[in-house]
Amino acid sequence: MSAMLRVGFMNAILSGQVSTTRRRILIGLAVATAAPAAGGAGAVRPADPAVVYRVAASEGAQELRVEATLRAGLGRELGLDTGMGPFVRDPEVEEGGGWRALERRDDRLDVPNCRPPSCRIRYRFALAEAARQVHDRNRAVEQQGAFLAPPSSWLARPLQDGQARFRLEVTTPPGTTFATGLFPAPGGGSAYEATLDDLEEAPYSGFGPFDNARVDVPGGIVDVAIAPGERDLPTSALAAWAERAGKAVAGYYGHYPVPRVLVLVLPTGRRAIGFGTTLGNGGAAIMIWVGRSATAADLERDWVLTHEMVHTALPNMPRTQRWLEEGIATYVEPIARARVGTLSAEEVWRSLVDGLPKGMPRPGDPGLDEARTWGSTYWGGALFCFLADLQIREKTGNRRSLDDALRGINAAGGSIAVRWPLRRALEVGDRATGTHVLRDLYGKMGEAPMKVDLDDLWRRLGVVADGRDVRFDDRAPLAAVRRSITARPASGRADAGR
Ligand SMILES: [Zn+2]
């Protein structure tokens, strides 16, 4: 079987492609930090964080009282997210046993007198006012009495030494909880920890009367926080939905890719399951909109939450390489659901037959790194993953696959909690399969468009489009490969390639 695979594949993949100029340029490696991933092997953490924030929310979290102890040597300037400075009230620094006013310019605080070993500052943050005025889900927004705002909106952070760690301790009055995607600090308790760089784009967080549910999935915890809003579905149904998606993703990766993810459910909007968005950096959080009239059946059919959860397994990429983030989520989501039995193999292949042509470059289109359209970002990225999966299976006699590459990236500490350059992810993924498939394919698709003969691939895989359905031809040369893509991994194989 493997000899047949090998021949079939190289023909399928090589004959169909027309690659144009392959210029080698240096891809901008923005923010190539190598922060240790939480839960990753060999993570070494200094005992004392450089900054300790203590935050107390007022009644209903209208206002936050923030106190920070800053280690000396972190620089004079503290910054908040753009436009959030005006909601900082009465900033002060401790001096000679008393408090002295601090100067604020726009989104910056100037702390001139931080002498060793440390100094303390404090201020109030007008959270409710910020949410009403800014009304932006990435900075501050109100959801029927809950205030959603990532810590970067309300924590003034030293702008030097981004690798230094901070610790966050939050207290809330009865009836209000703090929900955050930040990873809990080591040692338990209710504190959180990450690096100051993470704080630049920290995970979604919020204060409010959330309904909370905790779900254990293999290798991780899914914390569900449901914001106030009208909904027909009970909390238990939403928790079961999160569990299903979590188990599908844990199945594909061998275990859930981060130790903990927050799913912030916003019951609002007309669509049953609306938009979802994921943010990492020092943790993992998903924000997802669920319409009031959503039913248990809508949750059963939903793909959005699984898609978002797949995002938690890959490091943040530079902006030009969002196609890899979206491509992996688009390609892996239906496969992960098929493997736990919530989607049929026919539905997976139907979605590929329908979707992949949208990722094919049209005349004049650039390579994936220059791609800016929806089709090239989601389906162009998915096409990259599909071809990579087929080529890895071909080169290894179907013993290795894209699963192994993606698990390898995760096992090396890669997750949405950290930022990696794309080439590092591809290298680590290739190492896990013992091939150069990802590197070579990126060489062909990253900088220039590559045409692919999809019809020829369907024929070889034995996928026959039949109206709105697909049929399978088990005599096709790559039928075994097609079957193994959606097959449940045999027991004992769960950690292959790790
Ligand atoms: Zn996505």
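For this note's numbering, count along the sequence shown from 1 and bump the result up by 87. For each residue, glycine too, the CB sits at the ideal point set by N, CA and C. Since the model is a prediction, treat every value here as computed from it, not as a measurement.
Does the Cβ of residue i lie closer than 6 Å to at least one heavy atom of ligand 1?
| i | result |
| --- | --- |
| Glu-413 | yes |
| Ala-432 | no |
| Ala-416 | yes |
Between residue i and chain C, is any beta-carbon pair separated by less than 7 Å?
| i | result |
| --- | --- |
| Tyr-339 | Protein chain content of the structure displayed is limited to a single chain, and chain C is not contained in it. |
Please identify the residue among the options whose C-alpha is closest to the C-alpha of residue i.
| i | options | result |
| --- | --- | --- |
| Trp-545 | Val-568, Tyr-529 and Pro-315 | Val-568 |
| Ser-277 | Leu-283, Glu-256, Thr-264 and Glu-287 | Glu-256 |
| Phe-297 | Glu-280, Ala-272 and Leu-349 | Leu-349 |
| Met-532 | Leu-477, Cys-472, Asp-553 and Ala-213 | Cys-472 |
| Ala-213 | Val-142, Ala-332, Thr-365 and Ala-492 | Val-142 |
| Pro-444 | Ala-332, Tyr-140 and Tyr-465 | Tyr-465 |
| Asp-527 | Asp-540, Ser-323 and Arg-510 | Arg-510 |
| Arg-406 | Pro-508, Glu-146, Val-515 and Ala-300 | Pro-508 |
| Cys-201 | Ala-371, Gly-183, Arg-494 and Pro-273 | Gly-183 |
| Leu-513 | Pro-178, Pro-402, Lys-538 and Val-551 | Pro-402 |
| Thr-156 | Phe-270, Arg-244, Ala-217 and Val-228 | Arg-244 |
| Ile-496 | Gly-341, Arg-480, Val-557 and Glu-395 | Gly-341 |
| Val-54 | Ser-205, Pro-344, Asp-476 and Gly-500 | The question about residue 54 has no answer here: the residues shown for the chain are numbered 88 through 585. |
| Pro-203 | Asn-225, Ala-137, Val-539 and Ala-227 | Ala-137 |
| Val-153 | Arg-254, Asn-299 and Asn-225 | Arg-254 |
| Ala-281 | Pro-564, Gly-274, Gly-370 and Gly-307 | Gly-370 |
| Val-345 | Ala-312, Gly-307 and Ala-563 | Gly-307 |
| Gly-147 | Leu-474, Gly-262 and Asp-543 | Gly-262 |
| Val-397 | Ala-381, Gly-268 and Tyr-418 | Tyr-418 |
| Arg-570 | Asp-553, Arg-547 and Arg-555 | Arg-547 |
| Arg-252 | Leu-493, Leu-161 and Arg-480 | Leu-161 |
| Glu-164 | Gln-149, Val-427, Ser-145 and Pro-199 | Pro-199 |
| Gly-295 | Gly-232, Ala-159, Lys-538 and Val-336 | Gly-232 |
| Ala-504 | Leu-283, Pro-354, Arg-195 and Val-352 | Leu-283 |
To which residues does DSSP link residue i through a beta bridge?
| i | result |
| --- | --- |
| Glu-181 | Trp-186 |
| Gly-307 | Val-304 |
| Ala-206 | A small correction: the amino acid at residue 206 is Cys; Ala does not occupy that position in the sequence shown. Note: Cys-206 sits in a beta bridge opposite Leu-157. |
| Ser-277 | Ser-277 pairs with nothing; no bridge assigned. |
| Arg-176 | Arg-211 |
| Val-352 | Ile-313 and Ile-375 |
| Gln-635 | What is shown of the chain runs 88 to 585, which leaves residue 635 out entirely. |
| Val-257 | Val-142 |
| Thr-365 | Ile-373 |
| Gln-149 | Paired residues: none, contrary to the question. |
| Ser-292 | Thr-267 |
| Pro-245 | Leu-165 |
| Glu-457 | DSSP, once it has assigned bridges, lists no residue as partnering Glu-457. |
Looking at residue i and ligand 2, is the gap between the Cβ and the nearest heavy atom below 6 Å?
| i | result |
| --- | --- |
| Gly-549 | This structure lacks ligand 2; its bound ligands are ligand 1. |
Review point. Touch check for the region 234-250 and the region 155-173: three-plus C-beta pairs under 8 Å?
Key: Taking 8 Å as the limit for Cβ pairs, the verdict is that the region 155-173 does touch the region 234-250.
Review point. Taking contact to mean at least 3 C-beta pairs separated by less than 8 Å, is the region 355-372 in contact with the region 381-400?
Key: Yes: the two stretches touch, three or more of their Cβ pairs being nearer than 8 Å.
Exercise for review: Examine the Cβ distances between the region 404-423 and the region 320-328 and report whether three or more of them are shorter than 8 Å.
Suggested key: No: the two stretches stay apart, fewer than three of their Cβ pairs being nearer than 8 Å.
Point to revise | Length-filtered (3 minimum) beta strand (DSSP E) runs lying within the region 373-442 | key: As far as the region 373-442 is concerned, it has no whole beta strand (DSSP E) run of at least 3 residues.
Check your understanding: If you pair each beta-carbon of the region 425-432 with each one of the region 440-455, do three or more pairs fall below 8 Å?
Key -> Taking a cut-off of 8 Å for Cβ pairs, the region 425-432 and the region 440-455 do not touch, as fewer than three such pairs fall below it.
Point to revise | At least 3 beta-carbon pairs within less than 8 Å: the region 480-487 vs the region 513-522 | key: With a cut-off of 8 Å, the region 513-522 and the region 480-487 count as touching, because enough Cβ pairs lie within range.
Review point. In chain order, which alpha helix (DSSP H) runs of at least 4 residues are fully inside the region 517-550?
Key: Those alpha helix (DSSP H) runs which fall completely within the region 517-550 and span 4+ residues are 524-532 and 541-548.
Practice item. Evaluate the contact criterion for the region 172-182 versus the region 244-264: three or more CB pairs, one atom per stretch, below 8 Å. Key: Put simply, the region 172-182 does not touch the region 244-264. Fewer than three CB pairs are less than 8 Å apart.
Check your understanding: So does the region 280-295 actually touch the region 330-340, counting three or more Cβ pairs closer than 8 Å?
Key -> In short, these stretches do not touch, since the Cβ pair count stays below three.
Exercise for review: Decide if the region 435-443 is in contact with the region 369-386; the criterion is three or more beta carbon pairs, one per stretch, under 8 Å apart.
Suggested key: The region 435-443, when compared against the region 369-386, does not touch it at the 8 Å Cβ threshold.
Practice item. Mind the definition here: the region 365-384 touches the region 312-319 only if three or more C-beta pairs lie below 8 Å; say whether that holds. Key: Taking 8 Å as the limit for Cβ pairs, the verdict is that the region 312-319 does touch the region 365-384.
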